[in-house]
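Chains A and B, in that order, are what the protein sequence lines are.
Just so you know, we're using my numbering here: the first sequence kicks off at 1 and counts up by one.
Just so you know, we're using my numbering here: the second sequence kicks off at 1001 and counts up by one.
Note that CB positions come from ideal geometry on N, CA and C, so glycine has one too.
As structure tokens, the structure follows; a few thoughts come after it.
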Amino acid sequence: MLYFSQLQGKRVATENRTRLGRLTDLVFLAATQPMVTKLVVDGGRNHRYIIPISYLKKINSKITVADGFGIESLSENELYIRKNILDQQIIDIKGNKVVRVNDVAIQDKIVSLAGALTLMIAGVDVGIIGILRWFGIDETFGRLFRLLGKTVTSRFLSWADIQPLALARGTVVLKKEEKKLSRLLPEDLADHLETMSIRNITRVLDLMEEKLAAEVIESLNVTYQQNLFKLFTPERAGKLIARMDPDEAVDILLTLTEKRRDAILKTVPPQKLLELSSLLSLAKTPIGGLITSEFFTASPEETALAIRRRIGRETGEFSALSYIFAINREGQLVGAANLHELLLAAADTPLYRFMTPSVVVLHLTTPVEIAIKRMLKYKIEALPVIDDKKNMLGLVTFDDLAESMLEKFV
Amino acid sequence: MRDWIKKWRKRIILALAIVGPGLITAFADNDAAGIATYSVAAATFGYQILIIILPITILLAVTQEIGARIAIVAEKGFADLIRERHGVRVAISMYGLLFFVNLAVVVQDVSGMKAALALFGLNPTIFLPAIIVALYLFVVIARYNMIERFLFVLIAFYVTYIASAWLANPNWQEAAGALILPKGPITPRFLYVAIAVLGTTVTAWGQFFINSYVKDKRLTTEHLKYNRAEIYTGAVLTNTLCFFIIVAVGATLFANRIAVTDAAQAALAIRPFAGDFAGLLFGMGLLGAGMLGCVVVALTTAYAFSEFFGYSGSLDENFRKSRLFYATLLVQLGVAMGIALMPGVSLFTITLIANFVNGMILPIIFYFLYQFANNATIMGSYVNNKVQNALLIGSALIITLASLVGVAGQLLGW
């Protein structure tokens, strides 16, 4: 581990010992992988070189770069360590001042046999040791404390806790929002998010761990999913897709244009890609023709007894009935209960007490094959089909699906 | 007509909204440390010292305006900018420097309060800690607006100096003349004392304080004009008071060749010449000035600490959130009280040296002011004009030169 305080001011020379000047700053990519991309060398008399990291040979008491080094200017998404991070105020997501960046920790790795170096920002030092390091007395201080029988460790914030995008605006913003958010269930979060604008949703998703974010996106309705994936970079989309349930992932991918879909799939790891593309190849048979309008709905407040009575009165003509779907006042599907649950419920229990709020659903675009897989996976014999607004369009039953499959083979 | 009323109403509301930082900082420049310095200076040089009042007024007005403008435009404190633009090393050094010069000022302010209490026959070992604790708790518990109103009340105490100057029955014509015409030779000793007077009026802490306080008040660029007016008014008023203090002491003590070493002595010594009442007024002013000074200067250190190291610090925030901010405040007041209550501590040497050092480091402060106020990325279109820059550079040079001569004079006994 290197620290920026130890690098800044080091002499920079080429392999044949031509002196260039002193290192004043490092350029890095403001992304989840904050690679150091360029060295900034002050050669005096207004000579400033920005040298790509690929020319870096070694770092010891001085920094050596390759003889025929080139210079470049900054590209988009690149920021300076000293100018944009060091000494800046760190604020948390609520805007509270937390502390300042006292030093920047850099992970150095030798990546090739030829000894090429890569540097990556590991995090920021916010402790007292980070201040003392600038005066070169951090180790003396540490030894002094050990004599007193105490160990001092620096306070350190990992890069994963920092929002790279806010850096360009001159503030170091933490991702730590109220811990509450990550304690909520993904479904609840999704409901909460659906009240927000797409921009704000992406902001909240950026704060979450990848796994949680993927789960939350699975629970969002299809319009939101579609819009989010239009906004994400292919890399980010690919990461999220890889973390999702493959069936859900295919559902989302089918809503995108072919060009976009291919861009995303390029970033998905090979094994996952195989699974996804085999599912996607099935996607030529949409479900539309198999929907039946023979289904039973109730309001979440309706009691078990009232529902049982209504079933007796209203469903005499049905060929089959396995589930009761809860529909709220806006006509949205909010839950489902099977007959067993209905029979077990006490007479005056309202539906919302015994229904399952997270319903496995299909969309009009969902391929038949995926619908069957989903039914088998969740052991459900009929799945509701909903539109963008979560309105229930109809039901697809297992026997209808099986029949359509059979027709293919015959 | 209605538009006209609307326009003026808006202006008055705006003006009232911004009042505070400029006046409070300016008046706190005449804190107990200031009064002590003026007293010593006036008792030593009489009206001759008045010659530096006008330059000081201009310098105070201009530097404070620059500081406030930076705070309003950049929405950052002076210490924020030093840390962000110059890194850890410079920041730590500046904080260390500021901590000690501020502590020296707070010590003088607390001592001034102690002396004032003694003048009224109140036992300082009981009343001084009581007042300090009360002040501290008040600052911790009260919100920004309350604290500001309280500081305004303390400012009212200063009227007593005008009264005591009047009671001293001075030769006003001569005093007024001394503002413009030099009345004696400029010796190294005179320069030393003059820098101390400068250093207690145009202060390092004053520059930090106005920035932080303006930022805490969340003024915006639409307030700039009013803020400038307030700062200029404050500078004129505070130096008018300075004039009266010097006149009161000069007319009595200098005229009768009585040397004093601090403000309390001056208050005592004034009595035979200007009457008991004048002495009492002088003492009351000292108490108020001490309270104002120790709160404001200790607050400055606390603001600077939280800005330099990025901790939360604001008068509007509660104790838990701004723990380090309030802890710094407590340390300054506590240490100052400890020193002031130590028996047998001579404040005479501290007073002049501390304020001389405060004056001597001004060029460093001006350097930062110059840097920030001329940086277009910070200031946009609100950068300094040529006059302001010339004044900063010119006064920095003069102060450096005068300081060197003053130090040499002290060391070599010229």
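What do you get for residue i, buried or exposed, if any count of 16 or more other CB atoms within 10 angstroms of its CB means buried?
i, result
"residue 1215 (chain B)", "buried"
"residue 33 (chain A)", "exposed"
"residue 100 (chain A)", "buried"
"residue 382 (chain A)", "buried"
"residue 60 (chain A)", "exposed"
"residue 1082 (chain B)", "buried"
"residue 1113 (chain B)", "buried"
"residue 305 (chain A)", "exposed"
"residue 318 (chain A)", "exposed"
"residue 218 (chain A)", "buried"
"residue 1259 (chain B)", "exposed"
"residue 363 (chain A)", "buried"
"residue 1173 (chain B)", "exposed"
"residue 1309 (chain B)", "buried"
"residue 179 (chain A)", "Bear in mind that a pLDDT of 37 at residue 179 (chain A), under 50, signals an unreliable position, so the model cannot answer this."
"residue 1256 (chain B)", "exposed"
"residue 140 (chain A)", "exposed"
Assign residue i to one of three DSSP states: helix, strand, or coil.
i, result
"residue 133 (chain A)", "helix"
"residue 268 (chain A)", "coil"
"residue 98 (chain A)", "strand"
"residue 946 (chain B)", "Because chain B is modelled from 1001 through 1414, residue 946 (chain B) falls outside the range shown and cannot be assessed."
"residue 12 (chain A)", "strand"
"residue 1044 (chain B)", "helix"
"residue 338 (chain A)", "strand"
"residue 57 (chain A)", "strand"
"residue 180 (chain A)", "Low per-residue confidence applies at residue 180 (chain A): pLDDT is 37, beneath 50, and the placement is therefore not dependable, though the value from the model is reported in the following sentence. The answer is helix: DSSP assigns residue 180 (chain A) an H, G or I state."
"residue 121 (chain A)", "strand"
"residue 1168 (chain B)", "coil"
"residue 1375 (chain B)", "coil"
"residue 1338 (chain B)", "helix"
"residue 221 (chain A)", "coil"
"residue 398 (chain A)", "helix"
"residue 318 (chain A)", "coil"
"residue 355 (chain A)", "coil"
"residue 1311 (chain B)", "coil"
"residue 300 (chain A)", "coil"
"residue 291 (chain A)", "coil"
"residue 1062 (chain B)", "helix"
"residue 367 (chain A)", "strand"
"residue 350 (chain A)", "strand"
"residue 280 (chain A)", "helix"
"residue 1330 (chain B)", "helix"
Can you pull the chain B residues whose beta carbon is under 8 Å from the beta carbon of residue i, in chain order?
i, result
"residue 161 (chain A)", "The premise fails here: residue 161 (chain A) is roughly 16 Å from chain B at the closest Cβ pair, so nothing lies under 8 Å."
For the beta strand (DSSP E) that contains residue i, what are its first and last residues?
i, result
"residue 386 (chain A)", "382-386"
"residue 1239 (chain B)", "That residue, residue 1239 (chain B), is in no beta strand (DSSP E); its alpha helix (DSSP H) goes 1224-1249."
"residue 79 (chain A)", "78-80"
"residue 324 (chain A)", "323-327"
"residue 64 (chain A)", "63-65"
Per DSSP, what are the beta-bridge partners of residue i in this structure?
i, result
"residue 162 (chain A)", "A:174"
"residue 38 (chain A)", "A:27, A:52"
"residue 392 (chain A)", "A:386"
"residue 22 (chain A)", "A:11, A:42"
"residue 333 (chain A)", "A:327"
"residue 3 (chain A)", "A:105"
Taking Cβ-Cβ distances shorter than 7 Å, what residues in chain B pair up with residue i?
i, result
"residue 100 (chain A)", "1083, 1309, 1310"
"residue 97 (chain A)", "1310, 1311, 1312"
"residue 131 (chain A)", "1088, 1092"
"residue 88 (chain A)", "1084"
Cβ closer than 9 Å: which chain B residues qualify as neighbours of residue i?
i, result
"residue 135 (chain A)", "1088, 1089, 1092"
Locate the alpha helix (DSSP H) running through residue i, then write down its first and last residues.
i, result
"residue 1188 (chain B)", "1188-1201"
"residue 48 (chain A)", "From DSSP, residue 48 (chain A) is part of no alpha helix (DSSP H) but of the beta strand (DSSP E) over 48-52."
"residue 1078 (chain B)", "1078-1119"
"residue 1133 (chain B)", "1124-1141"
"residue 88 (chain A)", "That residue, residue 88 (chain A), is in no alpha helix (DSSP H); it is neither H nor E in DSSP."
"residue 1211 (chain B)", "1204-1217"
"residue 257 (chain A)", "Here residue 257 (chain A) belongs to no alpha helix (DSSP H), and DSSP marks it neither H nor E."
Can a CB atom of chain D be found closer than 8 Å to the CB of residue i?
i, result
"residue 1364 (chain B)", "As a matter of chain content, chain D is missing from the structure shown, whose protein chains are A and B."
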